Amino acid sequence: MASVYSVSQVNAYIKNMFLQDFALSRISVRGEVSNCKYHTSGHIYFTLKDGNSAIPAVMFAGNRGGLSFELREGQQVVAAGSIDVYERDGRYQLYAKKITLDGTGDLFLRFQKLRDELEEMGMFAREYKQPIPRYARTVGIVTASTGAAIRDIMNIAKRRNPYVQLVLCPALVQGEQAKYSIVRGIETLDQLGLDVMIVGRGGGSIEDLWAFNEEMVARAIFNCRTPVISAVGHETDVTIADYVADLRAPTPSAAAELAIFDYQQFEEQVRFGRERLERAMARTLEQKKFQTRDLEYRLKLRHPERQLNEKRQFLADAQDRLETLMETRLERSRHRLALLAGRLSGLSPLEKLKSGYGFVTDGDGRRLKSVFQVKKGDPFHVYLADGKLTGTVTELTPGGAGAEEG
Numbered sequence: 001m002a003s004v005y006s007v008s009q010v011n012a013y014i015k016n017m018f019l020q021d022f023a024l025s026r027i028s029v030r031g032e033v034s035n036c037k038y039h040t041s042g043h044i045y046f047t048l049k050d051g052n053s054a055i056p057a058v059m060f061a062g063n064r065g066g067l068s069f070e071l072r073e074g075q076q077v078v079a080a081g082s083i084d085v086y087e088r089d090g091r092y093q094l095y096a097k098k099i100t101l102d103g104t105g106d107l108f109l110r111f112q113k114l115r116d117e118l119e120e121m122g123m124f125a126r127e128y129k130q131p132i133p134r135y136a137r138t139v140g141i142v143t144a145s146t147g148a149a150i151r152d153i154m155n156i157a158k159r160r161n162p163y164v165q166l167v168l169c170p171a172l173v174q175g176e177q178a179k180y181s182i183v184r185g186i187e188t189l190d191q192l193g194l195d196v197m198i199v200g201r202g203g204g205s206i207e208d209l210w211a212f213n214e215e216m217v218a219r220a221i222f223n224c225r226t227p228v229i230s231a232v233g234h235e236t237d238v239t240i241a242d243y244v245a246d247l248r249a250p251t252p253s254a255a256a257e258l259a260i261f262d263y264q265q266f267e268e269q270v271r272f273g274r275e276r277l278e279r280a281m282a283r284t285l286e287q288k289k290f291q292t293r294d295l296e297y298r299l300k301l302r303h304p305e306r307q308l309n310e311k312r313q314f315l316a317d318a319q320d321r322l323e324t325l326m327e328t329r330l331e332r333s334r335h336r337l338a339l340l341a342g343r344l345s346g347l348s349p350l351e352k353l354k355s356g357y358g359f360v361t362d363g364d365g366r367r368l369k370s371v372f373q374v375k376k377g378d379p380f381h382v383y384l385a386d387g388k389l390t391g392t393v394t395e396l397t398p399g400g401a402g403a404e405e406g
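Residue numbering for the sequence shown follows full-length UniProt numbering, beginning at 1 and increasing consecutively.
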């Protein structure tokens, strides 16, 4: 009976066969890109196909350095790498390490080399970009006189603003002589003092658009005193002219939209601005009227006669308050004086004498408060309410006021 193998064993065996095949370990495959997906991990999954067959392919994030452009559906490319078996699914696929556009690899290398050189020179720097005028009246155009680009620009100009003057300088936009023709067109229109210039053409292959990747065209745009809008190919097409120009438009139609302002919208803005200005003027006028009335009222309040009357009234009120205050203080002082007079009268020796008391002093006029202050034979004086008695001490009897009665 024949041997039976597991699926894993079969896939491992086939994988080993692929690994031993030298041709499959270093191979370049030409085909059209389809089912292209950029994974969040950075890997790129896609399929290469031709008229008869297709092969799945993947470029891992670590190999993205071998891709100098954005991989898109429908591109004809040459993918270099190895073909191996993915054991889990039992299918083989191309593991790409480098991808170039088929037939245009040299052009892309030239494009990348010139782009890096001009960028290093500072020709792409934002500091050199001129602003695009918002309300251009004259627009220069450097493109083919019979191409779709000029027709699109003319149609958009007619729709947006029929008053804008378009100045066309016909130029070759494809072929060996195209770069010279484009440079002459830019230099010719730059001498006319136009408001803005559109330089471009419709879509095409990289070979068709190559004139706009030439260094002399880039320098002509950089040296142009007129603001330049580049409009080369479709939205996904990028040329050296786009980097150097003051503004890049994805298509010639978009360039016309950017260069030519919408006259109806402009009229609407003017009308809206006039209405806003009129409303603002009306509000300002009303505010000034109110301020005038307020100043007039304040002037009346500050009239000299009114101020004088107020001062007179204030003076009269102050006088009344002062008289009342003085009368009040005077009455208080009188009452206090009466109280002090009463207290003083109660303390007066004369009042005591009138009540039957006497004031006794020794011969020298010193007040006697004790019998021990004198001795027999000393003179003394007794002062009464109606006169003075003078005598001599004949006897001393110590003791209180009622000592004799005791």
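In this text, a Cβ means the ideal position worked out from N, Cα and C, and glycines have one as well.
Predicted model, so just to flag it, every value in this text is computed and none were measured.
Starting from residue i and walking both ways along the alpha helix (DSSP H), at which residues does that stretch end?
i           : result
T284        : Y263 to L301
N35         : That residue, N35, is in no alpha helix (DSSP H); its beta strand (DSSP E) goes I27 to Y38.
residue 479 : One cannot answer for residue 479 here, as it falls past the ends of the chain, which runs 1 to 406.
N180        : It should be noted that the sequence gives Tyr, not Asn, for residue 180. Per DSSP, Y180 belongs to the alpha helix (DSSP H) from A178 to D190.
R159        : A148 to R160
L258        : P252 to A259
Hey, out of the options, whose CA is closest to residue i's CA?
i           : options                   : result
G382        : R329, F359 and L114       : Looking at the sequence itself, residue 382 is Val, so the reference to Gly does not match. Comparing Cα-Cα distances from V382 to each of R329, F359 and L114, the minimum goes to F359.
V10         : I156, R329 and D89        : D89
L192        : S181, C169 and R160       : C169
I55         : N35, T292, L384 and M281  : N35
D208        : P398, L107 and D294       : L107
S25         : T251, Y92 and P379        : Y92
A144        : Y95, V199, I156 and P162  : V199
residue 450 : T100, S370 and F22        : For residue 450 there is no data in the structure shown, the boundaries of the chain being 1 and 406.
residue 416 : G31, A96 and G51          : Not covered by the structure: residue 416. The range shown for the chain is 1 to 406.
G74         : D102, N213 and H43        : D102
Y38         : T47, E32 and R30          : T47
T40         : F60, Q165, I186 and Q130  : F60
I141        : E187, K98, P250 and A211  : E187
D195        : V167, H303 and G365       : V167
A178        : N213, T251 and G31        : N213
E117        : Y243, R72 and R332        : Y243
G81         : V29, M121, D364 and H234  : V29
G365        : L344, N223, T397 and K388 : K388
P131        : S345, G66, R248 and K289  : R248
I206        : A220, F222, A231 and D237 : D237
Using the rule of at least 16 other Cβ atoms within 10 Å of the residue's Cβ for burial, across every protein chain shown, is residue i buried or exposed?
i    : result
E70  : exposed
E286 : exposed
V217 : buried
F111 : buried
M17  : exposed
M123 : buried
M197 : buried
G202 : buried
S181 : buried
N161 : buried
Y297 : exposed
E404 : Below a pLDDT of 50, predicted positions are generally treated as unreliable, and E404, at 44, falls in that range; no measurement from the model is reported.
D21  : exposed
P379 : exposed
G406 : Caution is warranted here: a pLDDT of 35 is assigned to G406, below 50, making its placement in the model unreliable, and the coordinate value is therefore given only provisionally. Its Cβ having fewer than 16 others within 10 Å, G406 is exposed.
V183 : buried
T390 : exposed
G271 : Checking the sequence, you will find Arg at residue 271 rather than Gly. Result: exposed.
V173 : buried
G185 : buried
Give the DSSP bridge partners of residue i, in chain order.
i    : result
L340 : Answer is none; L340 lacks a bridge partner.
A54  : K49
T100 : V78
H335 : In the DSSP output, where bridge partners are listed per residue, H335 has none listed.
L94  : A57 and I83
I141 : L168 and I198
T361 : R367 and H381
I44  : Y38 and M59
R219 : In DSSP, R219 forms no bridge with anything.
A231 : G200
R248 : S230
Specify, as a first and last residue, the run of the beta strand (DSSP E) that residue i falls within.
i           : result
P227        : Run containing P227: none; DSSP gives neither H nor E here.
I206        : Unbroken run through I206: none, as it is neither H nor E.
V371        : Counting along the chain, V371 falls outside any beta strand (DSSP E), and DSSP gives it neither H nor E.
V382        : P379 to L384
V238        : Neither: V238 is in no beta strand (DSSP E) and is coded neither H nor E.
V196        : V196 to R201
residue 407 : Here the chain has residues from 1 to 406 only, and residue 407 is not among them.
Any beta carbon of chain D sitting closer than 9 Å to that of residue i?
i    : result
K129 : Here chain D cannot be found, since the structure has a single protein chain.
- Query: If we count Cβ pairs, one from each stretch, closer than 8 Å, do we get three or more for the stretch 130–140 versus the stretch 224–242?
  - Reply: Output reads yes: the stretch 224–242 touches the stretch 130–140.
- Message: Does the structure place the stretch 256–263 close enough to the stretch 272–291 that three or more beta carbon pairs sit under 8 Å?
- Response: no
- Message: Across the stretch 251–259 and the stretch 148–161, are there enough close Cβ pairs to call them in contact, namely three or more that are closer than 8 Å?
- Response: yes
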